[in-house]
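A quick write-up on the structure given underneath.
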Amino acid sequence: MKDIKIKKIIRTNRRTISLHIDDDTNLIVRAPEFASQHDIYSVVQRHSIWVKRTREKVNKRRIERKEEDKNKKDKILYLGEYYPLILKNDRKTDDSVFVFNSSDIIKNYKNMDIPPDYPLQFKDAQFYLDESYINRKAEILTNWYKSMAFFVINERVKICSIEYGISFAKIRITGAKTRWGSCFKRDLNFTYRLVMAPIFIIDYVVTHELIHILFKNHSKCYWEKVVEVMPDYKERRRWLKENGYKLEV
92 MKDIKIKKII RTNRRTISLH IDDDTNLIVR APEFASQHDI YSVVQRHSIW VKRTREKVNK
152 RRIERKEEDK NKKDKILYLG EYYPLILKND RKTDDSVFVF NSSDIIKNYK NMDIPPDYPL
212 QFKDAQFYLD ESYINRKAEI LTNWYKSMAF FVINERVKIC SIEYGISFAK IRITGAKTRW
272 GSCFKRDLNF TYRLVMAPIF IIDYVVTHEL IHILFKNHSK CYWEKVVEVM PDYKERRRWL
332 KENGYKLEV
């Protein structure tokens, strides 16, 4: 048991002990405030095989990710597809931070208009970046993703909510790194990273959160409703679990 190192124990007001392997293969334990060290290590011991196998999977994924990063170095992921990134030299350097509103975007996922002075443009299935901003590529791309996400996800929520007959209050786009979406009362939150995923995956996360308006937890009734409106949700969930690590700037 001692050969299984616990990186961190997080105690919260919860009832059960859960294990999580992070991207660096560290074991993170979430436990109730009252759980003893013996209780925690007993759970770790019982799940030692799971810990070992999961660490191996995570490590394999890290290796695959490095290889993919090499292959996709000059490409940008958008709505499930990689598009080439081309550097252009036709602007003057500007130290200002670019921000634009979703109202500047037209209603076409694959051919969106953005302000002509924004250093990142997407036209004819190619991305164009002013090379003088190459050192701010992550910042500029993140802002671009956030605005695209605001439009795309709003549209998908509206479509799904009408189809399912579920009304919502408002939508917020977040920078969450560990949660794809969340629901509080009738308010829905989604990470901007979803806009890198295919539409059918965005619809899965949207559906998952919309159903939470009806059922606050993952009860039997909740999953029955999910199956009713999206029979193939397991395949979509599997895709997100296996490919979610790709949805990062």
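Heads up: the sequence shown is residues 92 to 340, going by the working numbering.
Glycine residues also receive a C-beta, built at the ideal position from the N, C-alpha and C atoms.
Just so it is clear, the structure is predicted and the values come from calculations on it, not from any experiment.
Rounded to whole angstroms, what is the Cα-Cα separation between residue i and residue j?
i    : j    : result
I244 : K237 : 10 Å
I225 : K261 : 35 Å
P210 : Q136 : 53 Å
T116 : K99  : 12 Å
P175 : W235 : 16 Å
W314 : V248 : 19 Å
I302 : I257 : 8 Å
R227 : K311 : 47 Å
N104 : K268 : 22 Å
K214 : E246 : 21 Å
Counting only the same chain and skipping the five closest in sequence on each side, list residues whose C-beta sits under 8 Å from that of residue i.
i    : result
T298 : C251, Y255, V317, V320, M321, Y324
I154 : none
Could you pull out every residue in the same chain whose Cβ sits closer than 6 Å to the Cβ of residue i, ignoring the five residues on either side in sequence?
i    : result
E222 : L178, N180
F218 : I167, Y174, L176
E300 : G272, C274, L279
R284 : L338
Q212 : Y219
D165 : L176
R121 : I101, S109
Let me make sure I understand the geometry here. Which of the options has the alpha-carbon closest to that of residue i?
i    : options                : result
I95  : I131, R121, S139       : S139
I101 : S258, Q128, W314, I257 : Q128
E335 : R152, L110, D208, F125 : Sequence check: residue 335 is Gly here, not Glu. That would be R152, whose Cα lies nearest to the Cα of G335.
R329 : H309, I292, S310, K311 : I292
R156 : R121, L118, D130, D114 : D114
R146 : R284, D130, I97, R105  : I97
R144 : G171, E124, L110, I131 : L110
L168 : S133, T233, E300, I302 : T233
F275 : D294, R247, F306       : F306
L331 : D294, P207, D130, I131 : D294
I231 : K214, K311, D208, F259 : D208
So, with DSSP's three-state summary, where would you put residue i?
i    : result
H129 : helix
K268 : coil
L118 : strand
D94  : coil
N280 : strand
H309 : coil
I108 : coil
K164 : coil
D221 : strand
I197 : Because I197 carries a pLDDT of 34, less than 50, the predicted location of this residue cannot be relied on, and no value is offered for it.
E172 : strand
E139 : Glu is not the amino acid found at residue 139; the sequence shown has Ser there. In this structure, S139 counts as helix in the three-state DSSP scheme.
L338 : coil
S258 : coil
Are the CB atoms of residue j and residue i within a distance shorter than 8 Å?
i    : j    : result
I304 : R270 : no
V340 : A216 : no
V286 : M239 : yes
P289 : L170 : yes
I112 : V142 : yes
Is residue i close to the ligand GTP? I mean its beta-carbon at under 7 Å from any heavy atom of the ligand.
i    : result
N180 : Because no ligand of any kind appears in the structure shown, any question about the ligand GTP cannot be addressed here.
Using C-beta distances below 7 Å, list every residue in its chain close to residue i, excluding the 5 sequence neighbours before and after it, in chain order.
i    : result
R106 : P123
R327 : F291, I292, Y295
I264 : K237, A240, F241, I244, F281, Y283
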